[in-house]
Structure formats: C-alpha cells, structure tokens
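Take a look at the structure below.
In the numbering used here, the protein residues as written are 781 to 1085.
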C-alpha cells in the first residue's frame, strides 16, 4: 500500500491535498458531500482582524479555461472563526492552515498575535497580495523591502510556522521569495491569482475585476514552484489550475510538498476526493512506496521504483 502521508513543519498530514484559501467556506459547507477530514489539512478563508464585508456582486465570472473572483476578502474575522468554527476542526481532528491578511502592517502583526499556537494549527499563511492603504494601495507582495519588513515583524510575534502566499504580479518572483526567506519565512504557497478583468461588449462596461484562477494559470504556477523549490530550502505548496490528479502530480514533481485545490471544486465538488484517490492509484501503479519519494522528481533526480 502506497503512503500518502507527508510531513510539514514536523507534523504529519494524511495526504498532500489541501483546499485553496476561500474555496471551501469555513469547512462545514462541504460536509453534506464529504468529510473535511478527507483533506490533508484545511486552509481557512482569508481572515482579518475585524470582519470584512467584501465586494458587491457580481463576484464570480466564468472565463474560458479560468475563473475570475472578486469576493473582496469577505470574512467573519479571526475571533469569530476561532470561537465558532475551530471547535469543528477539533472534533474532526483535522489540521488547519490559517490564511490571514491586513491592509496595514499593524493589521498583519495584530492578526498573527491573535492566533495562538495549537497542535492542529500547522502554519499561518500570510496573504501578501493585499493593498497597503498607507502606501497608495501598492500590494505588499510587490516590493521586496516591504515583504522583508512585514515577514520579519510577523515572525517576531508568533511561534507558529509562517507560509508566504506570493502574488504572480511581480517582475522577479525569486527576489520577492528571497526577501521573505531572509526575513525568516518557513515556506511558500505559489501562486495567488492573477489580476484580471472582463469587458461586456453588449453593455460596453467592465462588470468585474478580480483574480484569475484555474487551468489558464497552471503553467505560470508550475514554473514558480519549480524555481523557488530548487533555490530555497523551505517547503513549497503548489496551487493554480489543479483540476485532476495528474495536475497535482505535476506540481509535486516540480517540487511542491503539498498542493492546494480551488477552482476545480466549483466545477466538481468531489474534485478533491477524486484527486486524492488518483494520486494513490498512480503511486501503486508505479510501485512507489510514498508520495514523498516523487517530490521534486522533475528536477532530474533519478528514482527507481
């Protein structure tokens, strides 16, 4: 029997498949279809210090080979999540990664301080794609100096491992990742959505601006995973256009120790269980004893099964 378990920050996950932040609500929503404990770990919606209402509709727009979302980071806030929803994950014995964000450096620091260490909290995932309202709205993740500063400050207030979720909207992703690494980040999620928009020809208007996800961004995300995993000695979580187990395997072979699935669940709510099953079947077909044996296989390491 092939093993799907992976080790992340000295904690064992039952498999390498997670949801992408914001794509499974607060966890309970998927329960009528399959149990949240199916996941290797659950990734929360982006949580802020205070509740945030998000954007008006339309919030989601289907494109060829992709999906644009403009949810606007709507969430119930960190305190309410831990009061009302974290007990659910305790009952399910399901580990979580807490995605969080802010609009100022102070917001980020305060968020991290509020999240207390717990055996089920694998890591904090800092969303660096948010606009810095004190610097004209520029994304925190676009400037290496800003990335270094905010990661350094957040690391100073938490003992929980910190994962940086990076934006693709930069000229040199390695430079951004290097800045985060030098500031003490423990891992990366690659990549966030790509800023995009739609023009309605009939109405001559722009009905939505938001983040593009889905199969169209997979090659971009794969390249990022390959390059960062080969240049920095920290775990990388791959995300972006994973629709089936072959997509997931491509990210793992590119260097991702785990993957996050998002857009696929909007097409098929059973996509995640199917991907987990498909990875296991692949390993057994190849007589590979563990999924960890193929992490980074595309980097040229010769493995005999």
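Glycine residues also receive a C-beta, built at the ideal position from the N, C-alpha and C atoms. Note that this is a predicted model, so its numbers are computed, not measured.
Spatial neighbours of residue i in its chain, beta-carbon cut-off 6 Å, leaving aside the 5 residues before and after
i            : result
residue 806  : 865
residue 1085 : Residue placement at residue 1085 is poorly supported in this model, since its pLDDT is 39, which falls under 50; the coordinates still yield a value, given next. Cβ neighbours of residue 1085 beyond the five flanking positions: 1066, 1067 and 1068.
residue 1022 : 1028, 1039 and 1041
residue 871  : none
residue 897  : 939 and 940
residue 1043 : 847, 993 and 994
Spatial neighbours of residue i in its chain, beta-carbon cut-off 7 Å, leaving aside the 5 residues before and after
i           : result
residue 801 : 823, 824, 825, 826, 879 and 905
residue 935 : 942, 963 and 964
Integer-rounded CB distance, given that residue j should sit under 8 Å from residue i
i           : j            : result
residue 818 : residue 1053 : 6 Å
residue 846 : residue 993  : 6 Å
residue 951 : residue 972  : With 8 Å as the limit, residue 951 and residue 972 do not qualify as a contact, their Cβ atoms being about 16 Å apart.
residue 788 : residue 795  : About 11 Å; that fails the 8 Å criterion.
residue 981 : residue 841  : 14 Å between Cβ atoms; not a contact.
Sub-8 Å separation of residue i and residue j beta-carbons
i            : j            : result
residue 913  : residue 883  : yes
residue 1008 : residue 968  : yes
residue 983  : residue 782  : no
residue 831  : residue 849  : no
residue 955  : residue 924  : yes
residue 875  : residue 793  : yes
residue 813  : residue 1013 : no
residue 1036 : residue 1005 : yes
Alpha helix (DSSP H) segment containing residue i, residue limits
i           : result
residue 938 : Neither: residue 938 is in no alpha helix (DSSP H) and is coded neither H nor E.
Contact set for residue i: own chain, Cβ-Cβ below 8 Å, skip 5 residues either direction
i            : result
residue 887  : 828, 829 and 881
residue 1082 : Confidence is the limiting factor: at residue 1082 the pLDDT is only 45, short of 50, which leaves the residue's position unreliable, though a coordinate-based value still follows. Excluding positions up to five away in sequence, the list is empty.
residue 838  : 850, 987 and 988
Enclosing beta strand (DSSP E) for residue i [first to last residue]
i            : result
residue 1086 : Only positions 781 to 1085 of the chain appear in this structure, which leaves residue 1086 out of reach.
residue 1017 : 1016-1019
residue 987  : 985-993
Checklist entry - Of all the alpha helix (DSSP H) runs that stay within the bounds of the region 782-811, which reach a length of 4 or more residues? => result Segments of the alpha helix (DSSP H) lying fully in the region 782-811: there are none.
Item to check | Residue ranges of each beta strand (DSSP E) within the region 819-901, 3 or longer | outcome: With a minimum length of 3 residues, the continuous beta strand (DSSP E) runs that stay inside the region 819-901 are 840-843, 846-849 and 876-880.
Next on the checklist: Please give the ranges of any beta strand (DSSP E) in the region 911-976, keeping only runs that are unbroken, at least 3 residues long and fully inside the region.
Outcome noted: Correct list: 942-945 and 967-970.
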